[in-house]
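Position one of the sequence shown corresponds to residue 32 (our numbering), numbered consecutively onward. Have a look at the structure below, then the notes.
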Amino acid sequence: MSSFLVAAIEGGGTRTDAVLVDSEGQFRGWGRSGPAMALYVGPSASAAHFVEAAERACDGVEPADVRAVVVSTPRHWAGSPRDALLKCFPSARVLREHEETVALFGALGEKRGLMVSVGTGSFAYGIDDGGEAEYVGGRGPLLGDEGSGYYIGLQGLRLALHSLDGRQPETDLLPALLASAGVKSDEELVRKVYAQGLGRHDIAALSAKVLELAEAGDAVAVLVIERAADELAAMALQVARNLEQRGGGWERSFPFVCTGGVMRRSAMLRRLVRDRVSSLIRQAVPQPARFSPVVGAALLGLQSENVPLQERLCARLERTLPAELR
32 MSSFLVAAIE
42 GGGTRTDAVL
52 VDSEGQFRGW
62 GRSGPAMALY
72 VGPSASAAHF
82 VEAAERACDG
92 VEPADVRAVV
102 VSTPRHWAGS
112 PRDALLKCFP
122 SARVLREHEE
132 TVALFGALGE
142 KRGLMVSVGT
152 GSFAYGIDDG
162 GEAEYVGGRG
172 PLLGDEGSGY
182 YIGLQGLRLA
192 LHSLDGRQPE
202 TDLLPALLAS
212 AGVKSDEELV
222 RKVYAQGLGR
232 HDIAALSAKV
242 LELAEAGDAV
252 AVLVIERAAD
262 ELAAMALQVA
272 RNLEQRGGGW
282 ERSFPFVCTG
292 GVMRRSAMLR
302 RLVRDRVSSL
312 IRQAVPQPAR
322 FSPVVGAALL
332 GLQSENVPLQ
342 ERLCARLERT
352 LPAELR
């Protein structure tokens, strides 16, 4: 069988990534564009970002050579980029998968296990021995996303401000977050948040500074990360409980993985969440994520075209991926 191409696009709350791979497992291209959460940017802008990322990944490739396009979207995503993508790839099948499906498959290479995903938002997801699935979390920054990048950024701001009135000890978080937010005082910060609008992405971006200071040992920053880990472990535990209550679950050990951009950047957060989950769910065996969600979407696309996902193919893909996608 001659080689063919599969494109995969993961639309997230901060950015949209697309990859192009061939049926031999060779990485062929990568594109990135803006956020694809239609609830925040609108359906038209969301679809445009999906198309933009895909076109960048497929630059120099004949559209007719792309046999399948896998679109990964958040569970609460509204709208569909299908029609826009078919205009770019008229010969391709356009398949839609939820973000949790591609994240688990990319991380573990199988549809069995438990995962906590932390990016701008957060969720926990698991598939048990019988193939039953359970999802906990999500729902955005106002109604959910506990332990997420947004949560860490917001809690960092709150606890840093608490240090001004003695509710928290003195912390390097305060000057660091004020500088990151582009202000010089707490009064300026309040005005910027409420009058000028410090957006969801801006607050989530502050998580990087909180994580950095936590790794350096700042006590208030550590407290933020510990609270985030508690929230994330509680979501994972609830996934297991919900599956058990339905008569399912895991009878033997199963893999547990932490994934998402914030998790990949913080060894401390990964360690805290793994330790908590291991103590709460004895069968859970922590292991590192092998591939990012967008690569998981590409693997599902290959599988949908009856390509066997043998270790040789996965190893070739792993070798040829750019560092940003590993």
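Every residue, glycine too, gets a C-beta built ideally from N, C-alpha and C.
Could you tell me the boundaries of the beta strand (DSSP E) in which residue i lies?
i    : result
R98  : V97 to T104
T290 : F285 to T290
A49  : T47 to D53
G42  : L36 to G42
R113 : First-last for R113: R113 to C119, but that is the alpha helix (DSSP H), not the beta strand (DSSP E).
A315 : A315 to P317
Quick check on DSSP: helix, strand or coil for residue i?
i    : result
S64  : strand
A169 : Per the sequence shown, the amino acid found at residue 169 is Gly instead of Ala. It is coil, neither helix nor strand.
F81  : helix
V92  : coil
G157 : strand
G144 : strand
L344 : helix
A304 : It is worth fixing the name first, because residue 304 is Val in this sequence and not Ala. Here V304 sits in helix by DSSP.
F352 : At residue 352 the sequence reads Leu, which differs from the Phe that was named. Of the three classes helix, strand and coil, the one that applies to L352 here is coil, per DSSP.
P339 : coil
A123 : coil
A164 : strand
V293 : helix
R198 : coil
R321 : coil
V72  : helix
Starting from residue i and walking both ways along the alpha helix (DSSP H), at which residues does that stretch end?
i    : result
E246 : S238 to E246
G332 : P324 to S335
Y181 : G180 to H193
A267 : A250 to Q276
A207 : L204 to S211
V4   : Outside the displayed range of the chain (32 to 357) lies residue 4, so it cannot be described from this structure.
L229 : Taken as a continuous stretch (DSSP letters only), L229 belongs to no alpha helix (DSSP H), as it is neither H nor E.
A134 : E130 to L139
Excluding five sequence neighbours on each side, which residues of the same chain lie with their C-beta closer than 6 Å to the C-beta of residue i?
i    : result
G280 : D159 and L274
S54  : S34, F35 and V338
G371 : The first residue shown for the chain is 32 and the last is 357, placing residue 371 beyond what the model contains.
H129 : R106
Q365 : Any answer about residue 365 is impossible in this case: the structure gives the chain only from 32 up to 357.
D90  : none
P333 : Before going further, note that residue 333 is Leu rather than Pro in the sequence given. The answer, listed in chain order, is V37.
D96  : L36
Please report the Cβ distance between residue i and residue j, rounded to the nearest whole angstrom; I am assuming they are in contact, meaning their Cβ atoms lie under 8 Å.
i    : j    : result
S153 : G178 : 5 Å
A252 : L300 : The Cβ separation is near 11 Å, so there is no contact.
L204 : A191 : 4 Å
P94  : F136 : At roughly 26 Å, the Cβ-Cβ gap does not stay under 8 Å, so P94 and F136 are not in contact.
G44  : G150 : 7 Å
V325 : L344 : With 8 Å as the limit, V325 and L344 do not qualify as a contact, their Cβ atoms being about 17 Å apart.
D217 : L195 : 6 Å
M266 : G168 : 5 Å
L229 : A210 : In fact, because the Cβ distance is near 14 Å, the residues do not count as touching under 8 Å.
Near residue i, what residues of its chain come up, given a Cβ to Cβ distance below 7 Å and the 5 sequence neighbours on each side ignored?
i    : result
E163 : L274, R277 and G279
P172 : Y181 and R231
Y166 : R106, E131, F154 and Y156
Y225 : none
E30  : The structure shown has nothing for residue 30, since the chain only spans 32 to 357.
Within this structure, are the beta carbons of residue i and residue j separated by less than 7 Å?
i    : j    : result
E41  : S103 : yes
S77  : A67  : yes
V84  : A39  : Residue 84 is actually Ala in this sequence, not Val. Contact: no.
V100 : A329 : no
L348 : G56  : yes
T290 : A88  : no
S238 : I183 : yes
G60  : L51  : yes
G161 : V270 : no
E236 : V288 : Sequence check: residue 236 is Ala here, not Glu. No, Cβ-Cβ distance for A236 and V288 is not below 7 Å.
V304 : A315 : no
F81  : L352 : no
G327 : V133 : yes
V214 : L208 : no
L311 : L340 : no
G249 : T202 : Reading off the sequence shown, one finds Asp at residue 249, where the question assumed Gly. The answer is yes: Cβ separation under 7 Å.
Quick one: residues in its chain with C-beta nearer than 8 Å to the C-beta of residue i, no 5 flanking neighbours on either side, listed in chain order?
i    : result
E246 : S297, A298 and M299
E336 : F35, V37, S54, R98 and A99
A115 : A78, A79, F81 and V82
So, is the C-beta of residue i closer than 7 Å to a C-beta in chain C?
i    : result
V102 : Given the protein chain composition of this structure (a single chain), no chain C is represented.
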